[in-house]
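Below: the structure, in structure tokens.
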Amino acid sequence: MDCFSKLPPELRIRIFSHFTSPSTIFRLVQASPIMLSQYRVSKTTIRRQYAVNLLAGDRHEDLLQDTLGLLYLELSNKQPDNHVMKYIIRQWNSKSLPDPFLQKDQAAIAKLCKLLCSMSMFVEDYISKATSSNPPQAYLCLPQIGDPSRGLYYKEHSFSPRHVTLDDLIPSERHHLIWAFIKYDMYYKIQSPKVALLTDDNEHSDMCEKAFKELTNGEREALSCVSDYVTAVYGALFTASTRCSTSHASSTLQDTPANPARLLYPDNLYFSPLLAFDDMKLPSKCIREYVIYLAVLGFDLLGDLVRFANKAQPEDMRSWFYTII
């Protein structure tokens with residue numbers, strides 16, 4: 001019997017309102033037909049509250065503007081008229097993008113929710129690996145992010161870290177992590193060649209300089225951590241492109257310290273993708289230093305590559321990297 005069947009709809013919706021992880025929501029609706037039905041009926045309300053929960057915090061306005069900037073830049077990138085993108089960039093720079101919550105723009109809120117879902121999966125992967133008892137093993141694992149509504153997950157009995165969700169974090173931790181990942185993505189979006197071409201030289205340089213100066217030393221360090229995470233995921237992608245791919249690893253390897261000697265790892269670890277790149281043994285004309293620059297291309301490309309890698313054979317991934325590097 002479904003234990004949620006005795007609850008009135010108002011309470012079921014209230015239960016959903018306490019979650020900030022798509023992984024948690026997915027597991028709940030998968031386990032309870034009643035909650036799945038309630039989610040379908042009240043999707044608009046639940047999504048709105050989900051977005052509100054993730055945006056809430058001391059950086060609310062800054063986080064909202066950056067998230068809207070990413071959303072509208074993605075939409076404008078599909079338009080033939082570049083003037084739309086130029087307008088969005090200037091609106092973002094002046095922190096005057098319209099608030100969809102105040103305007104009750106349900107379509108924009110739904111798209112905002114989807115973007116936050118996608119970003120939260122990378123955040124959960126980051127924190128799962130950062131808290132692993134065996135980081136070198138954990139960082140070889142690719143996040144499974146095929147469906148944003150499902151959230152991050154790892155294959156059962158796989159070579160993977162223990163999954164930590166956003167709901168496992170306190171609000172301030174969750175808010176800071178979401179802010180850092182969104183800020184990182186937006187920071188490099190405005191530095192892209194396309195944005196530079198759309199704006200005057202002085203305007204673009206002033207905008208980039210302003211974005212940098214607005215960050216405190218601690219916030220710059222946070223963005224540096226996100227950058228290190230992204231480069232580490234590329235390292236895992238390079239590893240998956242070789243015959244020694246994680247998909248061929250032993251299924252008995254769990255997220256536990258090495259035995260019999262329990263290894264201790266320092267608080268600060270850096271996983272360089274360069275050695276994994278070398279293992280692909282691409283032709284010498286493929287410049288390994290380009291690997292570092294992949295990290296500044298943002299989470300759109302990274303997400304597409306991870307989804308492709310989770311379905312493709314190592315040879316397909318290796319061929320793809322050969323065409324772009």
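Mapping to the working numbering: the sequence shown position 32 is 32, numbers consecutive.
Just so you know, even glycine gets a beta-carbon here, dropped at the ideal spot from N, CA and C.
Keep in mind it's a predicted model, so treat the numbers as computed, not measured.
Could you tell me how far apart the beta carbons of His-163 and Ser-132 are, in whole angstroms, since I believe they sit closer than 8 angstroms? The count along the sequence shown starts at 1 and reaches residue 163 at position 163. The count along the sequence shown starts at 1 and reaches residue 132 at position 132. The Cβ separation is near 10 angstroms, so there is no contact.
Check this for me: beta carbons of Glu-61 and Lys-86, under 9 angstroms apart or not? As a working note, residue 61 is residue 61 in the sequence shown. As a working note, residue 86 is residue 86 in the sequence shown. No; because the gap between Cβ atoms is not below 9 angstroms, this pair is not in contact.
Check whether the segment 226-235 and the segment 190-203 touch, using three or more Cβ-Cβ pairs below 8 angstroms as the test. no
Which ranges would you report for the alpha helix (DSSP H) in the segment 181-223 if only whole runs of at least 4 residues count? 193-198, 201-213
Beta-carbon contacts of Leu-73 that lie in its chain and below 7 angstroms, excluding the five residues immediately before and after: In the sequence shown, counting from the first residue as 1, residue 73 sits at position 73. The residues are Met-85, Ile-88, Lys-189.
Spatially closest choice to Asn-93 from Phe-122, Cys-208, Ala-138, by CA coordinates: Start at 1 with the first residue of the sequence shown, and residue 93 comes out as number 93. Checked all of Phe-122, Cys-208, Ala-138; the closest Cα to Asn-93 is Cys-208.
Over the uninterrupted alpha helix (DSSP H) stretch that includes Asp-62, give me the two end residues. Translated into positions along the sequence shown, residue 62 becomes position 62. Here the alpha helix (DSSP H) through Asp-62 covers 60-76.
Span of the alpha helix (DSSP H) around Gly-298: Against the sequence shown, residue 298 aligns to sequence position 298. Gly-298 -> no alpha helix (DSSP H), and no H or E assigned at all.
In the DSSP assignment, the alpha helix (DSSP H) including Met-85 goes from what residue to what residue? The residue you call residue 85 lines up with position 85 of the sequence shown. Run containing Met-85: 82-93, per the alpha helix (DSSP H) assignment.
Should Leu-54 go down as buried or exposed, given a rule of 16 or more other Cβ atoms within 10 Å for buried? Counted from its first residue, the sequence shown places residue 54 at position 54. The residue is buried, with at least 16 neighbouring Cβ atoms inside 10 Å.
Could you pull out every residue in the same chain whose Cβ sits closer than 7 angstroms to the Cβ of Leu-274, ignoring the five residues on either side in sequence? Your numbering for residue 274 matches position 274 in the sequence shown. Excluding sequence neighbours, Leu-274 sits near Arg-288, Val-291.
Residue range of the alpha helix (DSSP H) that includes Asn-53: Taking the sequence shown and counting its residues from 1, the one referred to as residue 53 is at position 53. Per DSSP, Asn-53 belongs to the alpha helix (DSSP H) from 43-55.
Does DSSP put Ala-249 in a helix, a strand or coil? Locating residue 249 in the sequence shown gives position 249, counting from the first residue. With a pLDDT of 41 at Ala-249, under the threshold of 50, the predicted position of this residue should be treated as unreliable, and no value is reported.
In whole angstroms, what is the alpha-carbon distance linking Pro-136 and Pro-161? Counted from its first residue, the sequence shown places residue 136 at position 136. Counted from its first residue, the sequence shown places residue 161 at position 161. Going from the Cα of Pro-136 to the Cα of Pro-161 covers about 10 angstroms.
Do the segment 295-315 and the segment 109-127 touch if we need at least three Cβ pairs shorter than 8 angstroms? yes
Note down, in chain order, each residue of its chain lying with its Cβ closer than 8 angstroms to the Cβ of Asp-278, except the 5 sequence neighbours on either side. As a first step, residue 278 must be located in the sequence shown, where it is residue number 278. Result list for Asp-278: Arg-288, in chain order.
Using only the alpha-carbon positions, how far apart do Gln-38 and Leu-11 sit? Indexing the sequence shown from 1 puts residue 38 at position 38. Indexing the sequence shown from 1 puts residue 11 at position 11. Answer to the nearest angstrom: the Cα atoms are 10 angstroms apart.
Continuous alpha helix (DSSP H) stretch holding Lys-106: start and end: The sequence position of residue 106 within the sequence shown is 106, counting from 1. Looking at the sequence provided, one finds Gln at residue 106 rather than Lys. Element bounds for Gln-106: 106-130.
Buried or exposed: which applies to Thr-239, given that a residue is buried once 16 or more other Cβ atoms fall within 10 Å of its Cβ? As a first step, residue 239 must be located in the sequence shown, where it is residue number 239. Label assigned to Thr-239: buried.
What is the C-beta distance between Tyr-50 and Thr-20, in whole angstroms, given that I count them as a contact (C-beta under 8 angstroms)? On the sequence shown, position 50 is the one that residue 50 refers to. On the sequence shown, position 20 is the one that residue 20 refers to. Going by Cβ atoms, the distance from Tyr-50 to Thr-20 rounds to 7 angstroms, so yes, they are a contact pair.
In terms of residue numbering, what span does the alpha helix (DSSP H) encompassing Pro-100 cover? Locating residue 100 in the sequence shown gives position 100, counting from the first residue. Looking at the DSSP string, Pro-100 is not in any alpha helix (DSSP H), and its letter there is neither H nor E.
Going by DSSP, what residue range makes up the alpha helix (DSSP H) through Glu-331? Any property of residue 331 remains undetermined from this structure, which presents the chain solely from 1 to 325.
Does the distance from the C-beta atom of Tyr-126 to that of Tyr-270 stay below 9 angstroms? Within the sequence shown, the letter at position 126 stands for residue 126. Within the sequence shown, the letter at position 270 stands for residue 270. Not a contact, by the Cβ cut-off of 9 angstroms.
Sorted by chain position, which residues of the same chain lie with C-beta nearer than 6 angstroms to Arg-59's C-beta, five sequence neighbours on each side aside? Your numbering for residue 59 matches position 59 in the sequence shown. Cβ within range, chain order: Trp-179.
Put Gln-144 into one of helix, strand or coil per three-state DSSP. Residue 144 sits at position 144 when you count from the first residue of the sequence shown. Gln-144 falls in the strand class under three-state DSSP.
Inter-residue Cα distance where the pair is Asp-198 and Gly-298: Residue mapping note: residue 198 aligns to position 198 of the sequence shown, counting from 1. Residue mapping note: residue 298 aligns to position 298 of the sequence shown, counting from 1. As written in the sequence, residue 198 is Leu, which differs from the Asp given in the question. If I take the Cα positions, the gap works out to 19 angstroms.
Return the residue from the list Lys-311, Leu-294, Leu-166 that minimises the CA-CA distance to His-18. Here the question's residue 18 lines up with position 18 in the sequence shown. Out of Lys-311, Leu-294, Leu-166, Leu-166 has the C-alpha closest to the C-alpha of His-18.
Pick from Lys-183, Asp-168, Ile-15: whose alpha carbon is nearest that of Arg-220? Position 220 of the sequence shown, counted from the first residue, corresponds to residue 220. Looking at the Cα atoms, Lys-183 is the closest of the given residues.
Assign Phe-308 to one of two classes, buried (16 or more other C-beta atoms within 10 Å of its C-beta) or exposed (fewer than that). Locating residue 308 in the sequence shown gives position 308, counting from the first residue. Phe-308 comes out exposed.
Is Asp-2 helix, strand or coil when you go by DSSP? Position 2 of the sequence shown holds residue 2. It is coil, neither helix nor strand.
In the structure shown, what three-state DSSP assignment does Val-164 receive? On the sequence shown, residue 164 is found 164 positions in, with the first residue counted as 1. If DSSP states are grouped into helix, strand and coil, Val-164 belongs with coil.
Just the C-alpha distance for Leu-71 and Lys-285, rounded to the nearest angstrom, thanks. Start at 1 with the first residue of the sequence shown, and residue 71 comes out as number 71. Start at 1 with the first residue of the sequence shown, and residue 285 comes out as number 285. Those two C-alpha atoms are separated by around 36 angstroms.
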